[in-house]
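Asks: Residue numbers (my numbering), protein chains in the order written: chain A, 1 to 266; chain B, 1 to 370. The beta-carbon is built from N, C-alpha and C at its ideal position, and this holds for glycine as well. Values in this document were obtained by computation on a predicted structure and should not be read as measured data.
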Amino acid sequence: MESKSKNIKMTDVLKIADKSFQSRLFTGTGKFSSSQTMREAIVASKSELVTVALKRVNLDNESDDILIHLRENHINILPNTSGARTAKEAVFAAQLAREALGTNWIKLEIHPDPKFLLPDPIETLQAAGELVKQGFVVMPYIHADPVLCKRLEEVGVQCVMPLGAPIGSNKGIMTRDFLEIIIEQSKVPVIVDAGIGAPSHAAYAMELGADAVLVNTAIAVSQNPVAMGIAFKKAVQAGRMAYNAKLAPVKHHAEASSPLTSFLDE
Amino acid sequence: MSDFKHIFDTYQWDTIEKEIYGFSARDVQNVLSKEKVTLADFKVLISPAAKPFIEQMAQRSNVLTKKRFGNTIQMYIPMYLSNECQNICTYCGFSLTNKIKRKTLSEKEILAEVAYIKSLGYDHILLVTGEANTTVGVPYLKNAIRLIREHFSNISIEVQPLDQDEYETLIKEGLYAVLVYQETYHKATYKIHHPKGKKSNFDYRLDTPDRLGKAGIHKIGLGALFGLEDWRVDSFYTALHLKYLQKTYWKTKYSISFPRLRPHEGDVEPKVEMTDTDLVQLICAYRLLDEDVELSMSTRESETFRNNIINLGITSISAASKTNPGGYTVDQQSLEQFEISDERSTEKIKQMIQSQGYEVVWKDWDKNFC
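1. Name the chain A residues that come within less than 9 Å of Gln246/B, Cβ to Cβ?
2. Which residues bound the alpha helix (DSSP H) around Lys19/A?
3. Per DSSP, Pro52/B forms a beta bridge with which residues?
4. Could you tell me which whole beta strand (DSSP E) segments of length 3 or greater appear in the region 71 to 116 of chain A?
5. With H, G and I counted as helix, E and B as strand and the rest as coil, what does DSSP make of Asp193/A?
6. Could you give the distance in angstroms between the alpha-carbon of Ile219/A and the alpha-carbon of Asp193/A?
7. Considering just the uninterrupted stretch of the alpha helix (DSSP H) at Gly221/B, what are its terminal residues?
8. Quick one, which of Tyr91/B, Thr104/B and Arg68/B has its alpha-carbon nearest Asn83/B's?
9. Give a yes or no on contact between the region 18 to 35 of chain A and the region 227 to 245 of chain A, applying the rule of three or more CB pairs nearer than 8 Å.
10. Distance check for Ser222/A and Val63/B, CA to CA, integer angstroms please.
11. Name the residues in the region 13 to 41 of chain A whose C-beta lies less than 9 Å from a C-beta of chain B; which are they?
12. Would you kindly work out how many angstroms separate the C-alpha atoms of Thr304/B and Asp14/B, rounded to a whole number?
13. Can you find a C-beta in chain A that's less than 8 Å from the C-beta of Tyr122/B?
14. Check distances from the C-beta atoms of the region 71 to 98 of chain A to those of chain D and list, in chain order, the residues that come in under 7 Å.
15. Starting from the C-beta of Lys243/B, find all residues in its chain whose C-beta is less than 7 Å away, skip the five residues before and the five after it, and write them out in chain order.
16. If the criterion is Cβ atoms closer than 8 Å, does the pair Asp113/A and Trp231/B meet it?
17. When you measure from the CB of Leu264/A to every non-hydrogen atom of the ligand COA, does any distance come out below 7 Å?
18. Could you work out which residues of chain A lie near Asp450/B, taking near to mean beta carbons separated by less than 9 Å?
19. So which of Ala242/A, Asn244/A, Val215/A and Val132/A has the shortest CA-CA distance to Ile230/A?
20. So the candidates are Thr315/B, Leu312/B, Ile309/B and Glu336/B; which of them puts its Cα closest to the Cα of Lys322/B?
21. Can you give me the start and stop residues for the alpha helix (DSSP H) that Val278/A sits inside?
22. Per the DSSP calculation, Arg260/B is bridged to which residue(s)?
23. Under 8 Å between C-beta atoms, does Ile110/A make it to chain B?
24. Comparing the C-beta of Asp292/B with each C-beta of chain A, is any distance below 8 Å?
25. Using a Cβ-Cβ distance cut-off of 8 Å, determine whether Tyr76/B contacts chain A.
26. Would you verify that the beta carbon of Lys34/B is, or is not, closer than 8 Å to some beta carbon of chain A?
27. Spell out a yes or no on whether the region 32 to 46 of chain B and the region 74 to 90 of chain B are touching, meaning 3 or more CB-CB pairs, one atom from each, closer than 8 Å.
28. Check for me: the alpha helix (DSSP H) holding Val267/A runs from which residue to which?
29. Any beta-carbon of chain A closer than 8 Å to the one on Asn368/B?
30. How long is the line joining the alpha carbons of Arg300/B and Ser156/B, rounded to whole angstroms?
31. Could you list the residues in the region 227 to 239 of chain B with a C-beta less than 9 Å from some C-beta on chain A, going in chain order?
32. Helix, strand or coil, according to DSSP, for Leu214/A in the structure here?
33. Kindly give me the distance between the Cβ atoms of Glu109/B and Val330/B, rounded to whole angstroms, as I take these residues to be in contact under 8 Å.
34. Looking at C-alpha atoms only, which residue of Pro161/B, Asn368/B, Gly357/B and Ile340/B is the closest neighbour of Ser34/A?
35. Is it buried or exposed, Phe263/A, if we count other Cβ atoms within 10 angstroms and call 16 or more buried?
36. Rounded to whole angstroms, how far is the Cβ of Leu78/A from the Cβ of Val50/A, which I believe are closer than 8 Å?
Below, the structure written as structure tokens:
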């Protein structure tokens, strides 16, 4: 029994492009009360991939507060294109990030609407294709749209990042039915991004079969970001383990004690 | 005719005023029990009836703001380029009839001011002028933006209203946001305070955010100058304007400012006083109406007020501002637009914000996005 549970843990590494991740919890750097708190929470969460808005960092400044903290702790930096309204702007931002931060990984975010920050599917698909051609590892933030996910897969993205609910809303997995289709169909890792507000939401996404989740607001805005980082770490591990262990089936209907077909046995 | 004007013309100032002053505590309770606050609800939240509910509103505003903006406050600083002005605005230090020394910064002076501002840590800047179209027109502004662009990630202006193609020209140079306050939405009162100059055209000013939206600007800042008219009715019109713009120019971001009349060279006393309590009520009402709108606070307000407002819904503030051209380094004696109230240094303000558990954000845009 024990060896089997160990076995699950040992082999369950997430691979995206050339990198392997022990942790399936990805995080962000926004909204923290200080860069010190940010660092402590991220370290406690054991997250190995952390997204940083290009617009928030000083690319020409070696002493940028956010970057220093991440580099000191050897955490992979995932620059994002937040602020870009078009494919053209996003591609340009990705090129800048690659040059300044020395990584070809890019979280592609194109939201022309600054109010709800909802991703533009048309511009995203266009930019993704172009960035893949330019040698980027592209992680697109998108609606939970199964067809769009397949189209993105076709142009060569290394994963898809459908949203669980509007970004920053903390509402949880509101797009469940579509996420289930995406997870079933996808050949690339599926990372649920946006809307996860509680560890239980993260565990639920992992139970559904998501390969990872990205959580920022729920950790940063919590009263105790460090404790919340740990809570998310545990929830993601629990959800993943439950998924691998195969959940017992849910019974939607009661089983009648006098089955309708019992006469066949008589 | 202005696009917003079609909507504006369907509202009557007096009717709105009567409505706002007629709400009861029960109306307020009904609104506060709802999850989403509409424009009609906003009227209730800014009414005198909502005053006893201010703590409840503040608590909700705090939570909503943190959810959307996190534990952060954006810093910005104004840089006055000129105090030349051909308008008469009864409440403004730069008004044409004030016999003051006029000054417009030269290229060299602009760069001297920039060097000082950069040394304080700022990366978001607001350029301010009066309205002097021959000396401080579009070519001057274009050149100023060109000069400072490499030094700042985010450039805003608060200058005379321009035409759509003029905004397009400045946006190409790297302009991010334009702040344009209607001052008052009461047409007759507007005429009294702006008797002469291009600014006396109420409709042209009212149409400005539409022209900005059409030009594809990243952000528009709205507001009314409190003191000219009843702040409640003016705020309703501002919110009406905001909601119209959000639907029409959905790719643009919006911010609201809350200027209260301050002492200056002129001699106008506020017609309607807006107390600190009123202002807090208004800030919270805006947050309840709109979780995403940026709310901005300048150094017009006092130390105590600014210390306490950080938690209530404000998302960006300025510090150590000078409201005269060259005020930071070049010509500290030139005439200021109004007296600032909070004179603390940038470092002091930073510490004040951090001590309340907020991170001070200097950079939240990249010049490469323009």
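Replies: In this structure, then:
1. Residue numbering aside, residue 246/B sits at position 246 when the second sequence is read from its first letter. Correct list: Lys115.
2. Locating residue 19/A in the first sequence gives position 19, counting from the first residue. In the DSSP assignment, Lys19/A falls outside any alpha helix (DSSP H) and within the unbroken beta strand (DSSP E) covering Lys19 to Phe21.
3. Walking along the second sequence from the start, residue 52/B turns up at place 52. For Pro52/B, which the question treats as bridged, DSSP gives no partner whatsoever.
4. With a minimum length of 3 residues, the continuous beta strand (DSSP E) runs that stay inside the region 71 to 116 of chain A are 76 to 80 and 105 to 108.
5. Counting from one through the first sequence, the residue named residue 193/A turns up at place 193. Asp193/A: strand per DSSP, three-state reduction.
6. Taking the first residue of the first sequence as position 1, residue 219/A is located at position 219. Taking the first residue of the first sequence as position 1, residue 193/A is located at position 193. Looking at the two C-alpha atoms, the distance is approximately 14 Å.
7. Here residue 221/B corresponds to residue number 221 of the second sequence, with the count starting at 1. First-last for Gly221/B: Lys219 to Leu222, but that is the beta strand (DSSP E), not the alpha helix (DSSP H).
8. Here residue 83/B is taken as the residue at index 83 of the second sequence, counted from 1. For Asn83/B, the nearest C-alpha among the options comes from Thr104/B.
9. With the cut-off at 8 Å, the region 18 to 35 of chain A and the region 227 to 245 of chain A touch.
10. Position 63 of the second sequence, counted from the start, is the residue given in the question as residue 63/B. Position 222 of the first sequence, counted from the start, is the residue given in the question as residue 222/A. About 11 Å.
11. Closer than 9 Å at the C-beta level to chain B, one finds these residues of the region 13 to 41 of chain A: Gly30, Lys31, Phe32, Ser33, Ser34, Ser35, Thr37 and Met38.
12. Looking up residue 304/B in the second sequence gives position 304. Looking up residue 14/B in the second sequence gives position 14. Spanning the two alpha carbons is a distance of roughly 35 Å.
13. To locate residue 122/B, count along the second sequence from 1; it is residue 122. Not closer than 8 Å to any Cβ of chain A, the Cβ of Tyr122/B fails to qualify, so no.
14. As a matter of chain content, chain D is missing from the structure shown, whose protein chains are A and B.
15. Here residue 243/B refers to the residue found at position 243 when the second sequence is read from its first residue. Contacts found: Leu39.
16. As a first step, residue 113/A must be located in the first sequence, where it is residue number 113. As a first step, residue 231/B must be located in the second sequence, where it is residue number 231. Here Asp113/A is not near Trp231/B, since their CB atoms are 8 Å or more apart.
17. As for the ligand COA, it is missing from this structure, which has no ligand bound.
18. What the structure shows of chain B is the stretch from 1 to 370, and residue 450/B is not part of that stretch, so it cannot be assessed.
19. Counting from one through the first sequence, the residue named residue 230/A turns up at place 230. Here the closest residue by C-alpha is Val215/A.
20. Your numbering for residue 322/B matches position 322 in the second sequence. For Lys322/B, the closest C-alpha among the options Thr315/B, Leu312/B, Ile309/B and Glu336/B is that of Glu336/B.
21. Past the edges of chain A, shown from 1 to 266, lies residue 278/A, and the structure says nothing about it.
22. One-based indexing of the second sequence puts residue 260/B at position 260. As computed with DSSP, Arg260/B is found in a beta bridge with Phe226/B.
23. As a first step, residue 110/A is located in the first sequence; it is residue number 110 there, counting from the start. Interface residue (Cβ-Cβ distance to chain B less than 8 Å): Ile110/A is not classified as such.
24. In the second sequence, counting from the first residue as 1, residue 292/B sits at position 292. Output row for Asp292/B: interface = yes.
25. For the purposes of this step, residue 76/B is identified with residue 76 of the second sequence, where counting begins at 1. Answer no: the Cβ-Cβ gap between Tyr76/B and chain A never drops below 8 Å.
26. Translated into positions along the second sequence, residue 34/B becomes position 34. No, its Cβ sits nowhere closer than 8 Å to a Cβ of chain A.
27. In the pairwise beta carbon analysis, the region 32 to 46 of chain B is classified as not touching the region 74 to 90 of chain B: fewer than three pairs are separated by under 8 Å.
28. Only positions 1 to 266 of chain A appear in the structure, and residue 267/A is not among them; the question remains open.
29. On the second sequence, residue 368/B is found 368 positions in, with the first residue counted as 1. Interface annotation, Asn368/B: in contact with chain A, CB-CB separation under 8 Å.
30. Stepping through the second sequence from its first residue, residue 300/B is reached at position 300. Stepping through the second sequence from its first residue, residue 156/B is reached at position 156. The alpha-carbon atoms of Arg300/B and Ser156/B are separated by roughly 18 Å.
31. Taking a C-beta cut-off of 9 Å against chain A, none of the residues of the region 227 to 239 of chain B qualify.
32. Taking the first sequence and counting its residues from 1, the one referred to as residue 214/A is at position 214. Three-state result, Leu214/A: strand.
33. Your numbering for residue 109/B matches position 109 in the second sequence. Your numbering for residue 330/B matches position 330 in the second sequence. By a beta-carbon distance limit of 8 Å, Glu109/B contacts Val330/B. Their separation comes to about 5 Å.
34. As a first step, residue 34/A is located in the first sequence; it is residue number 34 there, counting from the start. With distances taken between Cα atoms, Ser34/A lies closest to Gly357/B.
35. Here the question's residue 263/A lines up with position 263 in the first sequence. Answer is exposed; the Cβ neighbour count stays below 16.
36. As a working mapping, residue 78/A is identified with position 78 in the first sequence. As a working mapping, residue 50/A is identified with position 50 in the first sequence. Contact flag correct, Cβ pair sits at about 6 Å.
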